[in-house]
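Colleague:
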Amino acid sequence: MSAAASWDAVDALFDERLIGRDAVLEAALAASDAAGLRAISVSPPQGRLLELLARIHGARHVLEIGTLGGYSAICLARALPADGSLLTLEREPSCAEVARANLARAGLAVRTEVRVGLALESLDALAGEGRAPFDFTFIDADKANNTAYFERATRLSRPGAVIVVDNVVRGGRVADADSRDASVLGVRALLDHLARRGDVRCTAIQTVGSKGYDGFLLARLAGPAA
Ligand code: SAH
Ligand code: DHB
Ligand code: MG
């Protein structure tokens with residue numbers, strides 16, 4: 310079996326045994342596909358990881374940058390308590406429309422808001438709105454803006470908040486110091502930024518699976534020890 314086929318087979322096994330049939334997420338993917346959205350949502354095991362991280366952290370107010378059809382938003386919103394909230398930012402009105410319908414079908418519309426616009430502008434507007442602070446952020450939009458998103462998320466976060474960044478490995482291309490790929494440069498700029506900052510407890514974990522070879526960066530902002 311090729312490496313990629315084996316990653317797929319193991320993901321299928323984990324998906325079946327550990328995640329199980331999930332009519333809500335399957336319907337969200339079907340609706341996203343029917344609307345012509347790109348199939349780049351987090352995988353089922355990755356989505357469950359996001360849910361578990363938010364639950365383990367006790368996240369109440371979650372921010373997401375990059376909604377697409379709302380797959381990861383559903384996973385994150387499921388972790389919320391009844392008085393929790395998820396705000397997810399999306400550039401494309403057509404994606405936001407699909408995501409809103411998917412979140413409504415999931416019964417999560419009351420706790421979630423999909424906001425259309427360039428994420429940098431939405432984040433700047435949020436600073437004056439009194440919605441912050443957030444205690445968990447998932448960054449998964451245009452990778453060239455990763456550092457700007459991380460900095461803005463930091464400013465909108467409470468001490469001790471968690472920030473997760475998707476797609477920090479890109480098939481290993483992140484290690485290519487000569488890369489001219491805007492996404493790779495965006496990830497490398499974030500790594501440089503975090504190295505310079507030095508005040509954020511971080512790691513990144515390489516992953517393989519149905520989405521190929523990629524990875525997540527996890528960060529906890531300085532804050533209370535507990
Ligand atoms: N988090 C989603 C996948 C997001 S894909 C999931 O796992 O289910 C990335 C999304 O970011 C796309 O929908 C894209 O339209 C959006 N995006 C890209 N650039 C953006 C920007 N500048 N502002 C807001 N959204 C952006
Ligand atoms: C792409 C973007 C993503 O957020 C992802 O998880 C996978 C692929 C992309 O733009 O190719
Ligand atoms: Mg992604």
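Position 195, counted from 1, in the sequence shown is what the working numbering calls 504; the numbers after and before it change by one each time, with no gaps.
A virtual CB, placed ideally from N, CA and C, is assigned to each residue, including glycine.
Here the structure is a predicted model, which is why all the values come from computation and not from measurement.
1) Tell me whether ASN476 counts as near ligand 2, meaning its Cβ is closer than 8 Å to at least one heavy atom of that ligand.
2) Going by the beta-carbon positions, is the gap between HIS366 and LEU396 smaller than 9 Å?
3) Leaving out the 5 sequence neighbours to the left and right, which residues in its chain are closer than 8 Å to PRO442 when beta-carbon positions are compared?
4) Mind checking whether ASP449 and SER381 have CB atoms under 9 Å apart?
5) Would you call GLY495 buried or exposed, if buried means 16 or more other Cβ atoms sit within 10 Å of its Cβ?
6) For a test of the three-state rule: what should DSSP assign to SER466, helix, strand or coil?
7) At what residues does the beta strand (DSSP E) containing GLU422 begin and finish?
8) May I ask which residues mark the beginning and end of the beta strand (DSSP E) holding ASP444?
9) Return helix, strand or coil for THR456, following the three-state DSSP convention.
10) Taking only three categories from DSSP, how would you classify ASP475?
11) With hydrogens ignored, establish whether the beta-carbon of SER488 is closer than 8 Å to any heavy atom of ligand 2.
12) Please find out if some non-hydrogen atom of ligand 3 comes closer than 8 Å to the beta-carbon of ALA514.
13) Since PHE525 sits in a beta bridge, which residues does DSSP pair it with?
14) Name the DSSP bridge partner or partners of ILE365?
15) Is ALA348 closer than 9 Å to LEU334 when the C-beta atoms are compared?
16) Work out the CA separation of LEU359 and GLN515 for me, nearest whole Å.
17) Between the alpha carbons of VAL423 and PHE459, how many angstroms are there, rounded?
18) As a quick exercise: from TRP316, ARG489, THR376 and ALA368, pick the residue whose alpha carbon is nearest that of GLY426.
19) Candidates MET310, LEU372 and ARG482: which alpha carbon is nearest ALA436's?
Modeller: According to the structure data:
1) Yes, the Cβ of ASN476 comes within 8 Å of a heavy atom of ligand 2.
2) In this structure, LEU396 does not lie closer than 9 Å to HIS366 by Cβ.
3) Sequence-distant partners of PRO442 (beyond 5 residues in either direction) whose C-beta falls short of 8 Å from its own C-beta, in its chain, are HIS370, LEU465, SER466, ARG467 and ALA470.
4) Between ASP449 and SER381, the C-beta gap is smaller than 9 Å, which places the two residues in contact.
5) So GLY495 ends up on the buried side.
6) SER466 carries a strand assignment under DSSP once its states are collapsed to helix, strand and coil.
7) In this chain, the beta strand (DSSP E) harbouring GLU422 covers 421-425.
8) It spans 443-448 - the beta strand (DSSP E) in which ASP444 sits, taken as one unbroken run.
9) Helix.
10) ASP475: strand per DSSP, three-state reduction.
11) Outside the cutoff, so no.
12) Looking at the sequence shown, residue 514 is not Ala but Ile. For ILE514, the Cβ stays outside the 8 Å cut-off from all heavy atoms of ligand 3.
13) Looking at the DSSP output, PHE525 bridges to ASP475 and ILE514.
14) Residue pairing by DSSP places ILE365 opposite no residue, since no beta bridge is assigned to it.
15) Their beta carbons are not under 9 Å apart, which means LEU334 does not touch ALA348 by this criterion.
16) Inter-residue distance for GLN515 and LEU359 is about 15 Å (C-alpha atoms, whole angstroms).
17) The straight-line gap from Cα to Cα measures roughly 19 Å.
18) Among TRP316, ARG489, THR376 and ALA368, the Cα nearest to that of GLY426 is on THR376.
19) Of the candidates MET310, LEU372 and ARG482, the one whose C-alpha sits nearest the C-alpha of ALA436 is LEU372.
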